[in-house]
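Residue numbers (the numbering used here), protein chains in the order written: chain E, 1 to 395; chain A, 1001 to 1286.
All residues carry an ideal CB built from backbone N, CA and C; glycine is no exception.
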Amino acid sequence: MNLPVGALEVDHVTKTFRLYQEQYRTLKERALHLGHIPFHEFDAVHDVDFEVRPGQMLGLLGHNGSGKSTLLKCIAGTMQPTAGSIRLNGRMAALLELGAGFHPELTGRENVFLAGSIMGYSKRDIGAVFDEIVAFAELEQFIDNQVKHYSSGMFARLGFALAVNVEPEILLIDEILAVGDEAFQQKCLDRFRTFREQGVTMIFVTHDTDLASTICDELVVLDRGRMIAHGDPVEAAATYRRHLYGDSAVAPTEVTAAIGGITFDSLTVRVDGHPTTTVRPGDIVTFEAEVTVMRPIDDLVVAYAIRDPARNLVNSSNTSLLGVDVSSLEGTVKVTFTIDGLLLLNGAYEIDIGAHTTDGSAVYAHVETAARFAVVGPSRDTGVAHLPVRGEVIR
Amino acid sequence: MNKERTTNEARRREGAFRRCRTVFTYRELLVNLTRTELRIKYKNSVLGFLWSLLNPVLYLVVFSLVFQEILRAQIPRFAIFLLSGLLVWNFFSASLGGGAGSIIGNAPIVQKVWFPREVLPLASVGAAMVHFLLQAMVLTGALLLFRHEPDWAALALLPLALLALTLLAAAAALALSVLNVHYRDTQHLLELVLMAWFWLTPIVYNHQLIADRLGANDWVAMLNPITSVVLVFQRALHNPPPGYIPDVSLWLYTRNTVLLTAAAFLLLAGSLRLFGRLEGDLAENI
Chain E
1 MNLPVGALEV DHVTKTFRLY QEQYRTLKER ALHLGHIPFH EFDAVHDVDF
51 EVRPGQMLGL LGHNGSGKST LLKCIAGTMQ PTAGSIRLNG RMAALLELGA
101 GFHPELTGRE NVFLAGSIMG YSKRDIGAVF DEIVAFAELE QFIDNQVKHY
151 SSGMFARLGF ALAVNVEPEI LLIDEILAVG DEAFQQKCLD RFRTFREQGV
201 TMIFVTHDTD LASTICDELV VLDRGRMIAH GDPVEAAATY RRHLYGDSAV
251 APTEVTAAIG GITFDSLTVR VDGHPTTTVR PGDIVTFEAE VTVMRPIDDL
301 VVAYAIRDPA RNLVNSSNTS LLGVDVSSLE GTVKVTFTID GLLLLNGAYE
351 IDIGAHTTDG SAVYAHVETA ARFAVVGPSR DTGVAHLPVR GEVIR
Chain A
1001 MNKERTTNEA RRREGAFRRC RTVFTYRELL VNLTRTELRI KYKNSVLGFL
1051 WSLLNPVLYL VVFSLVFQEI LRAQIPRFAI FLLSGLLVWN FFSASLGGGA
1101 GSIIGNAPIV QKVWFPREVL PLASVGAAMV HFLLQAMVLT GALLLFRHEP
1151 DWAALALLPL ALLALTLLAA AAALALSVLN VHYRDTQHLL ELVLMAWFWL
1201 TPIVYNHQLI ADRLGANDWV AMLNPITSVV LVFQRALHNP PPGYIPDVSL
1251 WLYTRNTVLL TAAAFLLLAG SLRLFGRLEG DLAENI
């Protein structure tokens, strides 16, 4: 049975690791502990089964330790599955670690040919695309320098340029977009787009739900080695978020911080009065902070800030701006902020909460990431703002 | 092209022949890794490749002094006798020493990229081969310097002896490279074994000294496969007068070398099998 070029089949793959309480690596230790080395087994990947069609871009989504990197190593062939098999047809390039196989003592030029031959390409293959590789990496001036003198960015750029310029038919990509500056990252994304148009099969491993659901045709979601979702990226991403943050009420994050007579006891996210961690775009969302004030403070302001996972500010307001007087409060009270229609796009968000004077000169209490919530919606736009957008052609 | 690897199955086993074929398709990588190993070794050194010539020259001076002048060894043209055997030994021991550490030393690549792992220890053998050729130049120089004539007929046997030696070195390097991943003290053990092995091989003394002691049991000495190779080299290059190495016909030397080559092929096949059994979980154990 032959697979079409560019196709890949993961057939009930399980990868079991043995965790030894002690690693006995030397002959002496092995001899001393012959036959009774304590260990327990665990499945890093458990019975994962899916197919990738030629030209498809498949996202492999999962948090740290979900088994996605292990699975990728099995696909790349550096690890052998304990059960099941992986079949593929086509030239494969793996962006598992950029510049793997580069030798620090060799020059950039020598390394391109060496790493190329490790990937299975002949000198002629690499020679034909050498200038493109160097141009893509923007390393024309440094290509004859030893790579030990390269910056980590230059190193990664050269590795990336090599992998994407050898015309792979199947490309494995493992969270490498974090390398290089923004311009280079853009270039990488553009390159993936070109590959897609050319019908290159791509497997993209990430824990960035937004990126995965935007650029992939299909997602496979892994959790503790098991496949918990497979298919439409938006639905799979939603499953992933629900799995990550839990579906029902989550115990509010215990919040304690007191600089001057005020403590935040809890912060709860509510939709329709029910505590939740997942929100649909347009929901009426209430942030409910339980505050204990020791004695009334004249000039008090309670504020919140919504931030994205990179801690960029999405929205912030406070009681003073909203015309709510909290100066006379004493004892334990609840301060709520209600958003009539939370128009944010899919993603994870976190809320900071604080209490300070109107001019901000004194901070009584401040809690970073007092609560988290995830937005799960049908929109496939990118960014943070959920805007009602239409497209049309005018002739 | 890595089209070769189209499946990755649990408990995949490939025969020795298939493995050889895969390695052959990656021959360019073998050459590149060999070149890299040599290049790194002499990078930033002023003398570069001259160092690998200096090693045998130094051995020559020291051992000649000690054995010829102090211990009064009776072998004529001791320098050439010594170099003939040393040439063989250096190739063998460098292959094993380099091969044993080859997979662990390249852990970053092994964990990230698929390619036939056999290439790594074989590249160590390749690098040792280059040194062998350089040191052979020193020996040729010594032959010219001393105006010493080799045994021209026996010289024809050298390529076959070298083939047997290379196969033996490759078999040992392959096995040691995977064993060293699973048993980390293989490398240290190897140093001791190589030391003993060196003195069990007739390099600084002549074979006949041992054979005379063993008497009728002199075949025991021939169990050391390196001895057979060393004797061929000594016969061809040193061409000693009767009484130092076995005075048997060239035909017997040829027969022994052919048998050794056949045995080396079998060892290599076995070694490839062992490699296949142990390579599956290399990336995890490294």
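Alpha-carbon spacing of residue i relative to residue j, whole angstroms
{"i": "Ala1142 of chain A", "j": "Leu1267 of chain A", "result": "34 Å"}
{"i": "Val314 of chain E", "j": "Gly383 of chain E", "result": "11 Å"}
{"i": "Leu19 of chain E", "j": "Leu72 of chain E", "result": "20 Å"}
{"i": "Tyr1042 of chain A", "j": "Gly1098 of chain A", "result": "15 Å"}
{"i": "Ser248 of chain E", "j": "Arg395 of chain E", "result": "Legend: pLDDT at Ser248 of chain E = 37, less than 50; position of this residue unreliable, no value from coordinates given."}
{"i": "Val324 of chain E", "j": "Leu300 of chain E", "result": "10 Å"}
{"i": "Ala76 of chain E", "j": "Ser117 of chain E", "result": "16 Å"}
{"i": "Val1062 of chain A", "j": "Asn1032 of chain A", "result": "35 Å"}
{"i": "Tyr364 of chain E", "j": "Ile262 of chain E", "result": "6 Å"}
{"i": "Leu1274 of chain A", "j": "Thr78 of chain E", "result": "18 Å"}
{"i": "Leu1157 of chain A", "j": "Ala128 of chain E", "result": "43 Å"}
{"i": "Glu392 of chain E", "j": "Leu114 of chain E", "result": "51 Å"}
{"i": "Gly6 of chain E", "j": "Pro54 of chain E", "result": "4 Å"}
{"i": "Asp43 of chain E", "j": "Thr16 of chain E", "result": "4 Å"}
{"i": "Phe130 of chain E", "j": "Pro38 of chain E", "result": "51 Å"}
{"i": "Leu96 of chain E", "j": "Pro388 of chain E", "result": "39 Å"}
{"i": "Leu1200 of chain A", "j": "Leu32 of chain E", "result": "31 Å"}
{"i": "Tyr304 of chain E", "j": "Asn318 of chain E", "result": "6 Å"}
{"i": "Ala1136 of chain A", "j": "Pro1076 of chain A", "result": "20 Å"}
{"i": "Ala183 of chain E", "j": "Ser1052 of chain A", "result": "48 Å"}
{"i": "Thr357 of chain E", "j": "Gly282 of chain E", "result": "32 Å"}
{"i": "Leu189 of chain E", "j": "Leu158 of chain E", "result": "16 Å"}
{"i": "Ala229 of chain E", "j": "Asp49 of chain E", "result": "11 Å"}
{"i": "Val335 of chain E", "j": "Thr276 of chain E", "result": "18 Å"}
Assumed close pair residue i, residue j - CB separation to whole angstroms, cut-off 8 Å
{"i": "Asp11 of chain E", "j": "Ile86 of chain E", "result": "7 Å"}
{"i": "Arg295 of chain E", "j": "Glu330 of chain E", "result": "6 Å"}
{"i": "Ala1170 of chain A", "j": "Leu1122 of chain A", "result": "6 Å"}
{"i": "Leu1087 of chain A", "j": "Phe1233 of chain A", "result": "6 Å"}
Under the three-state DSSP convention, the category residue i falls into
{"i": "Glu254 of chain E", "result": "With a pLDDT of 37 at Glu254 of chain E, under the threshold of 50, the modelled position of that residue is not reliable, and the figure given next carries that caveat. Looking at Glu254 of chain E - three-state DSSP - the assignment turns out to be coil, as it is neither helix nor strand."}
{"i": "Asn1106 of chain A", "result": "coil"}
{"i": "Tyr1253 of chain A", "result": "helix"}
{"i": "Gly331 of chain E", "result": "strand"}
{"i": "Gly153 of chain E", "result": "helix"}
{"i": "Leu379 of chain E", "result": "Reading off the sequence, residue 379 of chain E comes out as Ser, not Leu. In the structure shown, Ser379 of chain E sits in coil (DSSP, three-state: anything other than H, G, I, E or B)."}
{"i": "Thr1227 of chain A", "result": "helix"}
{"i": "Gly6 of chain E", "result": "coil"}
{"i": "Ser316 of chain E", "result": "strand"}
{"i": "Glu290 of chain E", "result": "strand"}
{"i": "Val279 of chain E", "result": "strand"}
{"i": "Glu182 of chain E", "result": "helix"}
{"i": "Met227 of chain E", "result": "strand"}
{"i": "Met1129 of chain A", "result": "helix"}
{"i": "Leu1237 of chain A", "result": "helix"}
{"i": "Thr209 of chain E", "result": "helix"}
{"i": "Ile262 of chain E", "result": "strand"}
{"i": "Arg18 of chain E", "result": "strand"}
{"i": "Arg1117 of chain A", "result": "coil"}
{"i": "Leu322 of chain E", "result": "coil"}
{"i": "Met79 of chain E", "result": "coil"}
{"i": "Ala385 of chain E", "result": "strand"}
{"i": "Ala1221 of chain A", "result": "helix"}
Legend entry - alpha helix (DSSP H) segments (min. 4 residues) lying fully within the stretch 26-76 of chain E: 27-32, 68-76
Could you say if the stretch 337-354 of chain E and the stretch 275-286 of chain E meet the contact criterion of at least three C-beta pairs nearer than 8 Å?
yes
Legend entry - Contiguous beta strand (DSSP E) assignments of at least 3 residues, all confined to the stretch 344-373 of chain E: 347-357
Hey, is the stretch 162-170 of chain E in contact with the stretch 87-103 of chain E, meaning 3+ C-beta pairs nearer than 8 Å? Short answer: they touch.
Worksheet item: Touch check for the stretch 1163-1182 of chain A and the stretch 1206-1222 of chain A: three-plus C-beta pairs under 8 Å?
Response: The stretch 1163-1182 of chain A is not in contact with the stretch 1206-1222 of chain A.
Item checked: Contact the stretch 1153-1165 of chain A vs the stretch 1101-1108 of chain A: 3+ CB pairs below 8 Å -> no
Complete runs of the alpha helix (DSSP H) confined to the stretch 1008-1084 of chain A [at least 4 residues]: Annotation: the stretch 1008-1084 of chain A contains the following complete segments of the alpha helix (DSSP H) (minimum length 4 residues), in chain order: 1016-1025, 1027-1042, 1050-1063.
- Message: Threshold first: 4 residues or longer. Then list the alpha helix (DSSP H) segments lying entirely within the stretch 1241-1286 of chain A, N to C.
- Response: As far as the stretch 1241-1286 of chain A is concerned, its whole alpha helix (DSSP H) runs of at least 4 residues are 1250-1279, 1282-1285.
At a cut of 8 Å, does the stretch 1110-1129 of chain A reach the stretch 1076-1096 of chain A through at least three beta carbon pairs? yes
Quick check: the stretch 224-242 of chain E against the stretch 52-71 of chain E, are there 3 or more CB pairs under 8 Å?
-> yes
Does the stretch 1204-1214 of chain A touch the stretch 1238-1250 of chain A, meaning 3 or more C-beta pairs lie closer than 8 Å? yes
Query raised in the report: Are the stretch 1246-1261 of chain A and the stretch 1157-1166 of chain A touching, with three or more C-beta to C-beta distances below 8 Å?
Result: yes
What are the start and end residues of each continuous beta strand (DSSP E) run of 3 or more residues lying completely inside the stretch 83-152 of chain E, in chain order? 83-88, 92-95
- Go through the stretch 1148-1184 of chain A residue by residue and report every complete run of the beta strand (DSSP E) that reaches 3 residues or more, in order. none
Does the contact criterion of 3 or more C-beta pairs under 8 Å hold for the stretch 202-214 of chain E versus the stretch 47-61 of chain E? Taking 8 Å as the limit for Cβ pairs, the verdict is that the stretch 47-61 of chain E does touch the stretch 202-214 of chain E.
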